[in-house]
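S.K.: The structure's right below; bear with me while I get my questions together.
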Amino acid sequence: MTLRRQARARSRDLIPVAVVFVVVVTLWEVVLGVLGVKQFLLPRPSVILAALVTEWATLVEGLRYTAVEAIGGLAIGSVLALVVALATARWVFARETLVPVAIAANSMPIIAFAPITNNWFGSESPASRMTIVAVMVFFPIMVNTVRGLTMVDASAIELMRSYAASDWQVLRRLRIPNALPYVLTAFRVATTLAVIGAVIGEYFGGPRQALGIYITGEATLFRFANAWAAIIMACLLGMSLYLVVLLAERTLIPWHASGARADGR
Amino acid sequence: MTRTATVQLAAGPVRRSVASGPSRRAKAIALVGLLAALLLVWEGAKWLGGDPWRLHGSLLGIQIDYEHVPPLQWRIATDLALPHVWSIIGTFAEPAQRNGPILAQVLFGNALFTFGEALVGFAIGATLGLGLGIFFSQSRTAERAFVPYVVASQTVPIVAIAPLVVIFLPVGWLAVAIIAAYLTFFPVTMGALRGLRSADPRAVELMRSFASSPRQILWKLRLPAATPYLFASFRIAASASVVGAIIGELPSGIPYGLGSSILNFKQYYISGPEKLWATIIVAAMLGLVFVGLVRAAESWWSRGRYRGNGT
Amino acid sequence: MESWPLPGERDVNAGPAAPGPRSRRSSVVQVDHVGKTFGDGPDGLVALKDVDLAIEAGEFISLIGPSGCGKSTLLRLIGDLTTPSSGTVTVNGKSAREARLGREYGMVFQAPVLMDWRTVQKNVELPLELMGFDKAARETRARAMLDLVELGDFGQTHPWQLSGGMQQRVAIARALAFDPKLLLMDEPFGALDEMTRERMNLELMRIWRKTGTTIIFVTHSIPEAVFLSTRVVIMSARPGRITRIVDVDLPQPRTVETRELERYFEHVTTVREALRRHEGGDGGEGGPDPSEILQIRAEGLA
């Protein structure tokens, strides 16, 4: 597929999304305006936009603080997960026992742990949220990486064997490239988890400028437009991290991205 | 690699023997070993950098007087930050409040309450997710227009919208269930969409050759083909609904549920840190149990129909 | 490559015609009393029992038989992808393992097994990279191989952009890239349509003539086996064993006209009857291979 055709396909993908956006926002504005629903719960888009403008400095400050927590935790958790996966994938026994444990751990509400990390590092320290985020993203990334490293075409392994390739060569030239799509899929999940983990972690305490603290504070004061503006900022953070992963997929695994498109996804 | 599955399954008897991993028993032993290692690290950290403690008393007539002073001092190994394993276990048997029932009983009741909310949230979310999945699978335009928003919806920090939902809905537990549903519908939508699209195109053509209606194709072909995907997404949804229920309880002000226990014991952390730890352990167990129930439902449903996904 | 006699120049009939004792020194592959059992004890599945086979340099050997006759297992034993339960496999005077570690095998499977993340050129270079060739040598060699399979213009494309037949040609180029002494092919054209398959057969004959590599070729197709081979090894199942070896004395080079020769049809008939004799009316070679059924299911899932 040529680049131009790809670009055209992408813009074609965006049109329905934009249409929905415009329709929903307009309806929201008009319906709330006409019905005069309790403004404070679900403010009109124009009101939220005004709050975004007036509160801009505070919001950006909060976004920066929370972004550091989310991205820092994501970095720590993913590096650990990749290292553990690479270290254990080689041994059948290690991965066949660790993976079920990791899957089980992933079904636990890790966020409940947030008050504890607050106690460990102090609720003012971003390390508290980074730890929570790191633990939250660790399990999906580790499990998927182990899967990617091991779910290799049996014939490809035999092919490498017929070349008398060393374990290291098989890892570098076959297993790691094979794992990339799995790893990036896990990263898609992990980016949204990271933002949610950071914001919810802040619910249990954090410095005043943190986005999560700001949201709960404004909500308790019934300043919902401000709260919504902050929520939009958090969404933007989550979406931009997600888009970074999509971009990484396009550049790192183009064979997979186009294959996926051929599948109609 | 779409070819992968083909090749792996086409393998003869040769690879079957290689593929079998460690036995069930070996795995159980390893699991116990892993837990033991965790406890060892835990108590080891306390031994090296925790608070000093002394053993004073008599056992079988022998006077014991032992004092342990850890050589280091770590902030995360103090009794406040990391209580002894036995004091966490012991706290289950102690009354949660003066003259009240023991903590285990309190937490069990709260876990049941949270489970109820999570279950309702799961039911709402799974139904909504399945409906959206079917809708998107019927129309590419709908998929292109709405799926990005479904993905974006998950970047909304739910704790932020929780107070709004709680104010909006007067029935507390229902508000919490709605928040649980908000986290639940996403994996089910994506799983259903993938699953419904997974039907063999040749089988679809076969159905068309019988002049089947779209509804028949959905019921007789696409939904059965989607079940493995659906159950995989139900497992994720089950744990998400527990998370959603706990998070939803935080701002709801309901005096029941694990969320309220977490807030409560967080408040009195200084006087009894092990109670918060105990609550977290119960919350973790609740997640495990719910996912375990979905797994059991899957293996009951899938017996003989398709090879259940082991993971 | 020049060290091998080109089969086209060699009189195939000059070699020992009937199966019988062959001189060990001249054979590239020597299989002696080989047995293979999967699983242990009485439940074990006997895949091969007491198989003897000697293959000479420059030969083109087809292994044919019903499913479960162990033809793939025999190929994998020769390639040291599995080890025999009894007996020995010798390749160029060494054990199969030593031969594999000495990189004497080129393998081609039914699926092309190309790496999606590499270009076609880089896929062909893969074995050369593993074997430590420098960049310049790799590129020249890979380009030459792609020219050989007539894909010279496709070096920079990615495997997923090619048709099935083209992908399989890349796999052959890759297998030949490091000039292996022995080319092992496990139903390489089994997934291709009949027309592509016949074209690939001609192509393979051309490559074989040019390189002189010894080829062992597993197939389900009688016409394919007769058309390609200097000898067709017929196997039967339960337990897997060699029941007959047919010398194919069709003239070289084999071309489109070969398929119209009277002698060609006679050979096809001979092989078919030899196969049927050991079937006892159960299934026959036309019956579906269980692995193929599995594959259809797998494609449905993918």
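Chains as they are written, first to last, in our numbering: chain P, 1 to 265; chain Y, 1001 to 1311; chain F, 2001 to 2302.
No residue lacks a Cβ here, since even glycine has one placed at the ideal position from N, Cα and C.
Quick caveat: nothing in here was measured; it's all calculated off a predicted structure.
(1) I need the straight-line Cα distance from residue 223 of chain P to residue 1095 of chain Y, nearest angstrom please.
(2) For residue 2030 of chain F, which of F:2049, F:2112, F:2116 and F:2088 has the nearest alpha-carbon?
(3) On the CB-based measure, 16 or more other CB atoms within 10 Å of its CB, does residue 166 of chain P come out buried or exposed?
(4) Can you tell me the Cα-Cα spacing of residue 205 of chain P and residue 1265 of chain Y, whole angstroms?
(5) How would you write the range of the beta strand (DSSP E) that residue 1056 of chain Y sits in, first residue to last?
(6) Applying the 10 Å Cβ sphere with the 16-neighbour rule, what's the burial state of residue 245 of chain P?
(7) Could you name the residues of chain P that residue 1152 of chain Y contacts, counting a contact when the two beta carbons are closer than 7 Å?
(8) Flag this pair as yes or no: are the beta carbons of residue 2271 of chain F and residue 2064 of chain F separated by less than 9 Å?
(9) Quick check: residue 2141 of chain F and residue 2128 of chain F, are their CB atoms within less than 9 Å of each other?
(10) If you compare alpha carbons, which of F:2229, F:2183, F:2116 and F:2184 is closest to residue 2156 of chain F?
(11) Identify the residues that DSSP records as bridge partners of residue 1068 of chain Y: which are they?
(12) For residue 225 of chain P, which residues from the same chain have a beta carbon less than 6 Å from its beta carbon, with the 5 sequence-adjacent residues on both sides left out?
(13) Is there a Cβ of chain P sitting closer than 9 Å to that of residue 1287 of chain Y, yes or no?
(14) Counting only the same chain and skipping the five closest in sequence on each side, list residues whose C-beta sits under 6 Å from that of residue 186 of chain P.
(15) Which residue spans inside the segment 83 to 171 of chain P form an unbroken alpha helix (DSSP H) run of at least 4?
(16) So which residues of chain P does residue 2327 of chain F contact, with C-beta pairs closer than 8 Å?
(17) My output table needs one value for residue 2037 of chain F: the three-state DSSP class, helix, strand or coil.
(18) Could you tell me the alpha carbon to alpha carbon distance between residue 1322 of chain Y and residue 160 of chain P, rounded to whole angstroms?
(19) Straight-line CA distance for residue 194 of chain P to residue 2136 of chain F?
(20) Is residue 2129 of chain F near the ligand ATP - that is, is its Cβ less than 8 Å away from at least one heavy atom of it?
(21) Excluding the 5 residues flanking residue 98 of chain P on each side, which residues of the same chain have their C-beta closer than 7 Å to its C-beta?
(22) Could you tell me which chain P residues have their CB closer than 9 Å to the CB of residue 2188 of chain F, listed as they occur along the chain?
(23) Please name the residues in the segment 1266 to 1277 of chain Y whose beta-carbon is closer than 7 Å to at least one beta-carbon of chain P, in chain order.
(24) Applying the 10 Å Cβ sphere with the 16-neighbour rule, what's the burial state of residue 128 of chain P?
(25) Does the segment 2224 to 2244 of chain F come close enough to the segment 2059 to 2077 of chain F that 3 or more CB-CB pairs lie under 8 Å?
(26) Evaluate contact between the segment 1286 to 1295 of chain Y and the segment 1143 to 1153 of chain Y, counting only Cβ atoms and requiring at least three cross-stretch pairs below 8 Å.
(27) So residue 971 of chain Y packs on residue 1263 of chain Y, CB below 8 Å; how close in whole Å?
(28) Flag this pair as yes or no: are the beta carbons of residue 2171 of chain F and residue 2239 of chain F separated by less than 9 Å?
(29) Based on Cα-Cα distance, which residue from F:2046, F:2214 and F:2131 lies nearest to residue 2241 of chain F?
(30) Does DSSP put residue 13 of chain P in a helix, in a strand, or in coil?
(31) Mind checking if residue 67 of chain P is an interface residue toward chain Y, Cβ cutoff 9 Å exclusive?
(32) Just the chain P side, please: which residues come within less than 7 Å of residue 2261 of chain F by C-beta, in chain order?
(33) For the beta strand (DSSP E) that contains residue 2106 of chain F, what are its first and last residues?
(34) Can you list, in chain order, the residues of its chain whose CB lies under 6 Å from that of residue 1225 of chain Y, leaving out five sequence neighbours each side?
(35) So residue 1257 of chain Y is in the alpha helix (DSSP H); what residue range does that whole segment cover?
(36) Counting contacts by CB-CB distance shorter than 9 Å, is residue 250 of chain P in contact with chain F?
M.R.: A quick look at the data gives this:
(1) 41 Å
(2) F:2088
(3) exposed
(4) 14 Å
(5) 1053 to 1059
(6) Buried is the call here.
(7) 235 and 239
(8) yes
(9) yes
(10) F:2116
(11) Y:1053
(12) Hits under 6 Å: 43, 47, 48 and 51.
(13) yes
(14) 140, 141 and 144
(15) 92 to 106, 114 to 121, 126 to 150, 154 to 162 and 167 to 170
(16) Residue 2327 of chain F lies beyond the stretch modelled for chain F, which goes from 2001 to 2302, so this question has no answer here.
(17) strand
(18) In the structure as shown, chain Y begins at 1001 and stops at 1311. Residue 1322 of chain Y is therefore absent and cannot be evaluated.
(19) 46 Å
(20) What this structure holds is no ligand at all, so the ligand ATP is not there to describe.
(21) 88
(22) Per Cβ cutoff of 9 Å: no residues; residue 2188 of chain F is ~12 Å from chain P at best.
(23) 1266, 1269 and 1276
(24) buried
(25) yes
(26) no
(27) Residue coverage of chain Y in this structure runs from 1001 to 1311, which leaves residue 971 of chain Y outside it and unanswerable.
(28) No, they are not a contact pair.
(29) The option with the nearest alpha carbon to residue 2241 of chain F is F:2046.
(30) Note: residue 13 of chain P maps to helix in three-state DSSP.
(31) no
(32) Result: empty, since nearest Cβ-Cβ is about 36 Å, beyond 7 Å.
(33) That run of the beta strand (DSSP E) goes 2105 to 2108.
(34) 1198 and 1199
(35) Note, residue 1257 of chain Y: alpha helix (DSSP H), 1257 to 1267.
(36) No, residue 250 of chain P does not count as interfacial toward chain F.
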